[in-house]
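Chemist:
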Amino acid sequence: MLSLIWWIAIHAAEALFLVWVLRWGGAERLEGTWASGFISSFAPRWNAEGLRMAALILLVFCAITFVAGLFMPSLRCWSGGTC
17 MLSLIWWIAI HAAEALFLVW VLRWGGAERL EGTWASGFIS SFAPRWNAEG
67 LRMAALILLV FCAITFVAGL FMPSLRCWSG GTC
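In this text, residue positions in the sequence shown follow our numbering: the first is 17, and each later residue adds one.
1. Relative to the C-alpha of Cys78, which residue among Leu86, Ile21 and His27 is closest?
2. Exposed or buried, Ser52, counting other C-beta atoms within 10 Å across all chains shown (16 or more means buried)?
3. In three-state DSSP terms, what is Gly48?
4. How should Leu32 be labelled, buried or exposed, when 16 other C-beta atoms within 10 angstroms of its C-beta is the threshold for buried?
5. Should Val35 and Ile55 be called a contact, given that it needs their Cβ atoms to be closer than 8 Å?
What follows is the structure in structure tokens.
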């Protein structure tokens, strides 16, 4: 199980990256590059608007999982790992 500090740090880094893509010109910089694969495996084919939409959806999901993990520590486990 991840400690609360690591849980917050990971979600803060993810949220900062997604806000960069969404608001601070990251979508234009990532458009058509291999690095857009951090958003989705289909992302290299997407334009900047598609990357922004994916970042928005992922940011909402990030917020939901962050809140859920704060109140239910068992959700802080990574995929399939035993806690």
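Even glycine gets a Cβ: it sits at the ideal position worked out from N, Cα and C.
The structure presented is a predicted model; accordingly, all values stated were derived computationally and were not measured.
Modeler: The answer reads as follows:
1. Measuring from the Cα of Cys78, the nearest candidate turns out to be His27.
2. So Ser52 counts as buried.
3. Coil.
4. Classified as exposed, Leu32 has fewer than 16 neighbouring CB atoms from the shown chains inside 10 Å of its CB.
5. Their beta carbons are not under 8 Å apart, which means Val35 does not touch Ile55 by this criterion.
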